Amino acid sequence: MDTQTAHRANLRIDAGALRHNVGVLVERARRSGARTMAIVKSDGYGHGALTAARAALRAGADALGVASPAEAIQLRRGGIDAPVLCWLYAPGEDFGPAIRAGVDLSASSPAELRGITEAATARGETARVHLKIDTGLHRNGCPPEEWPGMVTEAAKARADGHVEIVAMWSHLACADEPGHASIDMQAERFRRAHEQALSAGLDPLRHLANSAATLTRPDLHFDMVRPGIACYGLDPVPQAGEHDLRPAMTFRSSVVLTKRIAAGESVSYGHSWTAERPANLALVPVGYADGVPRALSGRMSVWLRGRRRPVVGRVCMDQLVVCCDDDPVAEGDEVVLFGEGDEGGPTAAEWAEELGTIHYEIVTGLYRPRVGRTVVDPAPEDPEDVS
Ligand SMILES: *Cc1c(COP(=O)(O)O)cnc(C)c1O
1 MDTQTAHRAN LRIDAGALRH NVGVLVERAR RSGARTMAIV KSDGYGHGAL
51 TAARAALRAG ADALGVASPA EAIQLRRGGI DAPVLCWLYA PGEDFGPAIR
101 AGVDLSASSP AELRGITEAA TARGETARVH LKIDTGLHRN GCPPEEWPGM
151 VTEAAKARAD GHVEIVAMWS HLACADEPGH ASIDMQAERF RRAHEQALSA
201 GLDPLRHLAN SAATLTRPDL HFDMVRPGIA CYGLDPVPQA GEHDLRPAMT
251 FRSSVVLTKR IAAGESVSYG HSWTAERPAN LALVPVGYAD GVPRALSGRM
301 SVWLRGRRRP VVGRVCMDQL VVCCDDDPVA EGDEVVLFGE GDEGGPTAAE
351 WAEELGTIHY EIVTGLYRPR VGRTVVDPAP EDPEDVS
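Residue 1 is where the sequence shown starts when you use the UniProt record's numbering, and the numbers rise one by one after that.
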C-alpha cells in the first residue's frame with residue numbers, strides 16, 4: 001500500500017490494471033476475430049480520458065469511443081491518433097472541427113448524415129461515418145423503418161466522395177441480463193439491417209457488443225466490440241462468473257485527527273450514532289462535497305490499518321468519522337474509501353449496491369475540484385498525465 005503521501009481526497013488510478021482489463025477484453029474479442037474499441041467517454045468513466053485511452057491502446061485496443069465531438073477532440077489534443085468514434089451531438093452541432101481532427105462520426109438519422117456530408121464537402125474533406133441503427137434501445141439510432149432510406153442516402157453520399165461509410169452499429173438494452181429476450185431480438189434486427197446495407201451497395205463493419213455482451217455473447221462480437229465499464233475493472237455481469245477484472249480506481253484519504261470518546265457520547269450532526277463503549281475515533285477530511293454520498297451515513301466502512309472499520313454518524317460536507325474501537329490509529333494513516341477490494345476492503349460495486357445504483361455512477365461522479373487524481377504504473381513510454 002502506498003502510504004508515502006498523505007491525501008485529503010485522492011483517486012489513485014492504476015494504469016497497470018487498466019491495461020490488464022483491456023488485455024482481457026482484447027483477447028476475448030480476438031478469439032472471435034473481432035477488434036476492440038475501448039470506450040473512454042465521460043473522462044474515461046472518471047479515471048481520466050487520456051490515461052484510459054493510452055492504457056487501452058497499449059493493451060491492444062484498435063480504436064476508442066466517446067460520446068461527444070469535444071471529448072474526441074480532447075483526445076486528439078492529447079496526442080491520440082488512433083481511430084476515435086463519437087455519437088452524441090448538440091443541436092446544430094458544427095461537425096467541421098471533428099472532421100478536421102479525423103474523428104469518426106456516428107449518424108443516427110438522414111438529417112445527421114446530411115449535416116456531416118455538408119460539413120465535409122464544405123471543407124473538401126472526407127468524413128468517416130458509422131451509421132447507427134436503433135434495434136430496440138430507443139435512444140439514438142435510426143428507426144428500422146427509416147433505415148433503408150438511410151443506407152440508400154449513405155451510398156449516394158459515398159459516391160459523391162465526401163463520406164466513407166466505415167461501419168454500422170447499434171447498442172443493446174439488456175446485455176447485463178444474460179438470456180434476456182431482447183438481446184437476440186436486437187441482434188436479429190441488426191442482422192436484417194446489415195443485409196439492407198449490403199443491398200444498398202455498402203459493406204460496413206459491424207459493432208454491437210458493450211462490456212456485458214463482450215463477456216457473455218461471443219456470437220455478437222461481429223467485427224468489433226465496444227467495452228466501457230469492464231476496461232475499468234468493474235464487472236457489469238458478476239452473476240455470469242469470474243472475468244479476471246481488476247478495479248483500477250482507489251478512492252483514498254488520510255486520518256487528520258484522532259481522539260478518544262467516552263461511552264454515551266454521540267458523533268457528528270444530529271447525533272445519529274452514540275458510542276456504547278469508549279472508543280478511538282479517526283477524523284477523515286472527505287465528505288459529500290468530495291463524492292462520499294451522505295446517504296451512506298451509518299452504512300459504509302473504510303479500510304484503515306489492515307481492516308474494515310465503520311463510518312459512524314453522518315457523512316458531512318467535508319468530513320467523516322471512523323470508529324476504531326480500542327485499536328491504535330494515528331494522524332497520517334491511509335484510509336481507503338473503496339478500491340480493488342482484494343484484501344476484503346470496500347469496493348465501488350458495494351457502494352452502488354448500498355445506494356441502489358450501479359458502479360458506473362459511482363466512479364464517473366468522483367473527480368471534482370477538491371479531489372486529486374494520481375496515476376500509478378503508467379507505461380514508461382507514456383507522457384505525464386495531463387488530463
Ligand atoms: C457507454 C457505451 C458503451 C460501453 O458500455 P459499457 O456498458 O460501459 O461497456 C458502448 N456503446 C455505447 C453506445 C455506449 O454509450
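Note that CB positions come from ideal geometry on N, CA and C, so glycine has one too.
These numbers come from a predicted model, not from an experiment.
Classification of residue i by the beta-carbon crowding that lies within 10 angstroms, buried from 16 upward
i: H271; result: exposed
i: P238; result: exposed
i: G79; result: exposed
i: M1; result: Confidence in M1 is poor, its pLDDT being 41 and thus under 50, which makes the residue's placement unreliable; the coordinate value appears in the next sentence. Exposed: under 16 other Cβ atoms inside 10 Å.
i: P69; result: buried
i: R19; result: buried
i: V376; result: exposed
i: K259; result: exposed
Nearest-angstrom beta carbon gap, residue j and residue i [assumed within contact, 8 angstroms]
i: L234; j: A348; result: 6 angstroms
i: G356; j: C316; result: In fact, because the Cβ distance is near 22 angstroms, the residues do not count as touching under 8 angstroms.
i: T135; j: Q186; result: 4 angstroms
i: L202; j: A155; result: 6 angstroms
i: R217; j: I261; result: About 53 angstroms; that fails the 8 angstroms criterion.
Inter-residue Cα distance where the pair is residue i and residue j
i: E381; j: A209; result: 31 angstroms
i: R31; j: L304; result: 42 angstroms
i: D62; j: V225; result: 10 angstroms
i: S109; j: S268; result: 54 angstroms
i: T36; j: G60; result: 8 angstroms
i: I133; j: S254; result: 49 angstroms
i: E343; j: H130; result: 43 angstroms
i: D81; j: G102; result: 9 angstroms
i: E145; j: L337; result: 49 angstroms
i: T274; j: G264; result: 6 angstroms
i: T3; j: V166; result: With a pLDDT of only 46 at T3, under the threshold of 50, the placement of this residue in the model should not be trusted, and no figure is reported.
i: M168; j: R368; result: 36 angstroms
i: L172; j: A193; result: 15 angstroms
i: G306; j: G339; result: 13 angstroms
i: E195; j: R100; result: 31 angstroms
i: residue 391; j: R114; result: As displayed, the chain neither begins before 1 nor continues past 387, which places residue 391 out of reach and without an answer.
i: Q74; j: F222; result: 29 angstroms
Contact check, residue i vs residue j, beta carbons under 9 angstroms
i: R8; j: P285; result: yes
i: V322; j: A295; result: no
i: M249; j: I39; result: no
i: I116; j: V84; result: no
i: P236; j: D176; result: yes
i: A279; j: D325; result: yes
i: V22; j: A67; result: no
i: Y232; j: G44; result: yes
i: L245; j: V24; result: yes
C-beta neighbour in chain D for residue i, strict 9 angstroms
i: T36; result: Included in the structure is just one protein chain, with no chain D present.
> How would the residue list near ligand 1 read, in chain order, if you kept each one whose beta-carbon is closer than 7 angstroms to any heavy atom?
Replying inline: So the residues near ligand 1 by this Cβ test are I39, K41, G65, A67, W87, H171, N210, S211, A212, R226, P227, G228, I229, A230, P236 and Y360.
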